[in-house]
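Some notes on the structure that comes next.
Protein chains: 2
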Amino acid sequence: MAGQPREPGRTTTSRVLAILETFESAPGPLQLTDIATTAGLPLSTVHRLVAELEQWGALQRGPDGRYQVGIRLWEIGQNAGRRLRDIVHPPLQDLFDLTHETVHFAVRRGTEVIYVDRIYGSRRVPRIARVGARLPLHPTAVGKVLLAYEEDWFREAYLAHALERRSRYTITDPRRLARELEVVREDGYAQTQEEIALGLCSVAVPVRAPRGDVVAAVGIVLPSVRFAEIPRFLPSMRGTVVRLEKLFRGLPQPVEQAIRTFWLGSSVERKQ
Amino acid sequence: MAGQPREPGRTTTSRVLAILETFESAPGPLQLTDIATTAGLPLSTVHRLVAELEQWGALQRGPDGRYQVGIRLWEIGQNAGRRLRDIVHPPLQDLFDLTHETVHFAVRRGTEVIYVDRIYGSRRVPRIARVGARLPLHPTAVGKVLLAYEEDWFREAYLAHALERRSRYTITDPRRLARELEVVREDGYAQTQEEIALGLCSVAVPVRAPRGDVVAAVGIVLPSVRFAEIPRFLPSMRGTVVRLEKLFRGLPQPVEQAIRTFWLGSSVERKQ
Chain A
1 MAGQPREPGR TTTSRVLAIL ETFESAPGPL QLTDIATTAG LPLSTVHRLV
51 AELEQWGALQ RGPDGRYQVG IRLWEIGQNA GRRLRDIVHP PLQDLFDLTH
101 ETVHFAVRRG TEVIYVDRIY GSRRVPRIAR VGARLPLHPT AVGKVLLAYE
151 EDWFREAYLA HALERRSRYT ITDPRRLARE LEVVREDGYA QTQEEIALGL
201 CSVAVPVRAP RGDVVAAVGI VLPSVRFAEI PRFLPSMRGT VVRLEKLFRG
251 LPQPVEQAIR TFWLGSSVER KQ
Chain B
1 MAGQPREPGR TTTSRVLAIL ETFESAPGPL QLTDIATTAG LPLSTVHRLV
51 AELEQWGALQ RGPDGRYQVG IRLWEIGQNA GRRLRDIVHP PLQDLFDLTH
101 ETVHFAVRRG TEVIYVDRIY GSRRVPRIAR VGARLPLHPT AVGKVLLAYE
151 EDWFREAYLA HALERRSRYT ITDPRRLARE LEVVREDGYA QTQEEIALGL
201 CSVAVPVRAP RGDVVAAVGI VLPSVRFAEI PRFLPSMRGT VVRLEKLFRG
251 LPQPVEQAIR TFWLGSSVER KQ
């Protein structure tokens with residue numbers, strides 16, 4: 001029977017999800033054997049389940065026989081993720097019009113920043129953070145903002161773990177990072193200089209939810225040689241934040257709740 | 001046993017997919033009972049499968065106990081859909097800079113247009129087509145372009161079916177639509193005037209893949225009162241197309257293939 005698990009405790013659902021999981025980090029389309037190896041499943045099982053997933057549209061088979069995630073999953077995700085993007089996109093687009101620099105809007109998910117929206121033109125900086133990408137909090141300006149305004153227990157827990165080095169300028173000394181986060185709270189903005197990647201600098205400001213907690217950050221990324229220009233972007237960034245916070249205050253409570261759950265996870269997860 | 005199907009021929013996989021399916025058209029978060037009813041599954045089954053989906057992150061439970069699609073599915077979809085958007089976004093952004101009108105890039109999927117990317121500011125027209133949305137081909141300018149340049153068998157099959165009326169100006173007479181599609185091929189662009197919704201007009205131009213077939217369209221949407229302005233947008237739209245087609249020609253064949261499979265579906269599907 002198709003639905004019957006072979007190993008005790010491993011359900012068909014967990015196998016289907018293990019198959020989808022292989023595509024999370026896949027650079028491109030995968031062969032059945034790649035999927036089976038990564039998912040740790042028998043090829044016969046993968047063959048059967050992939051066929052069902054393909055038929056529904058969760059996966060697609062290319063002419064070369066390799067599989068990739070299907071457009072139907074993309075559509076379901078778009079539909080789920082759109083609420084917040086629909087709100088933040090116009091003000092972010094106007095910030096781009098003012099600055100013509102790469103601008104983005106990010107939230108914290110666990111110990112990472114996740115990029116909700118990003119606007120850039122052809123004159124753009126190397127793409128480190130695309131929409132949907134996750135990065136650690138400490139080497140990014142949006143992440144520093146989100147860390148600086150988090151509850152003490154969370155910030156202390158984050159600083160207690162080893163700080164991943166992303167470039168030779170990443171701040172990996174917890175005491176130095178803690179001091180910088182104090183300055184972020186005093187100044188109301190965070191900046192980075194080649195801390196996530198050489199050649200890039202960035203600046204970010206906090207965005208507050210109606211209940212007052214900082215839930216997101218608006219950031220701008222520049223070539224690091226233009227680090228000195230950062231202050232001139234702050235007024236327009238703060239103008240964007242004022243508009244965003246006004247829009248958030250106008251949301252019906254259930255909508256705000258749905259947005260919170262999707263982008264920030266359950267309060268349980270936030271405490272983990 | 002968790003994985004064991006209750007009804008003959010209905011596998012656990014098909015049930016998991018039926019659960020995800022309930023979220024495709026959901027206006028917001030759903031209760032377990034809503035999911036069970038829509039998916040046609042016993043509440044106990046839904047309860048068990050949803051718990052597994054939630055644990056993995058495919059679904060999320062809000063504080064009100066309702067479920068919605070989880071951010072993890074959004075991330076997988078983003079990752080799968082990004083290749084084409086990464087290519088089209090900068091030229092589209094530059095078209096927006098030139099026009100400051102709502103611009104979009106769409107492909108044909110079956111008998112519908114699907115919006116791959118869309119750029120708009122705060123001065124925007126009513127949102128009919130968001131990224132990920134599907135619309136019929138005949139009432140939209142991008143759709144008319146994709147229909148006009150399709151193979152005869154497809155166009156004839158499309159025209160042979162009843163043409164859905166979206167507004168009182170939607171062209172539902174197949175002979176009239178066929179004549180207009182000829183004009184689209186002669187002029188190299190399509191336009192609509194209140195055919196998808198009252199108050200809106202639009203214009204679109206074709207985008208060709210390296211092998212020469214029209215696979216996408218670039219469009220601009222305006223308030224219908226500005227219909228007379230449409231011609232002045234054509235030069236910049238054609239400039240955007242030239243850039244896009246150059247970018248597509250520069251793609252490695254496997255990447256172009258992966259993009260085709262994801263966005264256009266298998267050639268089999270295209271023949272259906």
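First to last, the sequence lines map onto chains A and B. Residue numbers for the first sequence, in this note's numbering: 1 to 272. Residue numbers for the second sequence, in this note's numbering: 1 to 272. No residue lacks a Cβ here, since even glycine has one placed at the ideal position from N, Cα and C. Nothing here was measured: the structure is a model prediction, and the numbers come from that model.
Which listed residue (the options) has its alpha carbon closest to that of residue i
i, options, result
"residue 180(A)", "83(A), 84(A), 140(A), 14(A)", "140(A)"
"residue 81(A)", "23(B), 55(B), 49(B)", "23(B)"
"residue 209(A)", "231(A), 236(A), 246(A), 224(A)", "246(A)"
"residue 83(B)", "248(A), 74(A), 64(A)", "74(A)"
"residue 45(A)", "15(A), 238(A), 63(A)", "15(A)"
"residue 105(B)", "224(B), 207(B), 213(B), 69(B)", "207(B)"
"residue 193(B)", "221(B), 178(B), 29(B)", "221(B)"
"residue 72(A)", "66(A), 85(A), 55(A)", "55(A)"
"residue 230(A)", "143(A), 29(A), 190(A)", "190(A)"
"residue 122(B)", "142(A), 125(A), 128(A), 90(A)", "90(A)"
"residue 228(A)", "254(A), 130(A), 201(A), 35(A)", "201(A)"
"residue 10(A)", "40(A), 28(A), 27(A)", "40(A)"
Cut-off 8 Å between Cβ atoms - residues of its own chain near residue i, not counting five sequence neighbours on either side
i, result
"residue 109(A)", "134, 263, 264, 265"
"residue 185(A)", "148, 149"
"residue 167(B)", "139, 194, 195, 196, 197, 198"
"residue 64(B)", "29"
"residue 128(B)", "135, 196, 197, 200, 221"
"residue 153(A)", "none"
Beta-carbon contacts of residue i that lie in its chain and below 7 Å, excluding the five residues immediately before and after
i, result
"residue 112(B)", "134, 135, 136, 137"
"residue 2(A)", "Reliability of the predicted coordinates at residue 2(A) is poor, the pLDDT of 45 falling under 50, and the value obtained from them is presented with this limitation in mind. These residues qualify, in order along the chain: 48."
"residue 236(A)", "95, 98, 99"
"residue 238(B)", "205"
"residue 61(B)", "54, 67"
"residue 241(B)", "205, 207, 218"
"residue 158(B)", "111, 137, 147"
"residue 243(B)", "91"
Neighbour list for residue i in chain B, Cβ cutoff strictly below 8 Å
i, result
"residue 224(A)", "Going along chain B, no residue has its Cβ under 8 Å from residue 224(A), so there is no contact; the nearest lies around 21 Å."
"residue 52(A)", "11, 13, 14, 17"
"residue 121(A)", "90, 93, 94, 97"
Alpha carbon of residue i to alpha carbon of residue j, nearest angstrom
i, j, result
"residue 234(B)", "residue 77(B)", "33 Å"
"residue 171(B)", "residue 198(B)", "13 Å"
"residue 87(A)", "residue 57(B)", "24 Å"
"residue 257(A)", "residue 19(B)", "22 Å"
"residue 169(A)", "residue 224(A)", "12 Å"
"residue 31(B)", "residue 69(B)", "12 Å"
"residue 215(B)", "residue 176(A)", "53 Å"
"residue 132(B)", "residue 114(B)", "6 Å"
"residue 25(B)", "residue 251(A)", "21 Å"
"residue 102(A)", "residue 161(B)", "45 Å"
"residue 92(A)", "residue 248(A)", "14 Å"
"residue 232(B)", "residue 117(B)", "22 Å"
"residue 13(A)", "residue 155(B)", "41 Å"
"residue 173(B)", "residue 144(B)", "14 Å"
"residue 217(A)", "residue 226(A)", "21 Å"
"residue 50(B)", "residue 259(A)", "20 Å"
"residue 254(B)", "residue 261(B)", "10 Å"
"residue 125(B)", "residue 85(B)", "22 Å"
"residue 187(A)", "residue 119(A)", "25 Å"
Within chain A, the residues that residue i reaches when beta carbons sit closer than 9 Å
i, result
"residue 140(B)", "None at all; the shortest Cβ gap to chain A is about 17 Å."
Contacts of residue i in chain B (Cβ-Cβ under 7 Å)
i, result
"residue 262(A)", "60, 68, 71"
"residue 29(A)", "258"
"residue 56(A)", "17"
Proximal residues of chain A, C-beta to C-beta of residue i below 8 Å
i, result
"residue 76(B)", "20, 23, 24, 69, 73, 77"
"residue 64(B)", "254, 257"
Contact set between residue i and chain A, taken where Cβ atoms lie within less than 7 Å
i, result
"residue 131(B)", "78"
"residue 81(B)", "74"
Proximity test, Cβ basis, 7 Å: residue i and chain E
i, result
"residue 212(A)", "In the structure shown, chain E does not exist; the protein chains are A and B."
Beta-carbon proximity list for residue i, same chain, < 6 Å, skipping 5 on both sides
i, result
"residue 142(B)", "106, 113, 204, 217, 219"
Anything in the segment 156-190 of chain B with a Cβ closer than 7 Å to a Cβ of chain A? List those residues in chain order, please. none
Using a beta-carbon distance cut-off of less than 9 Å, what residues from the segment 92-110 of chain A approach chain B? 93, 94, 96, 97, 100, 109
Interface residues of the segment 38-50 of chain B facing chain A [CB-CB below 9 Å]: 48, 49
Under 8 Å (Cβ pairs) to chain B, residues found in the segment 221-252 of chain A: none
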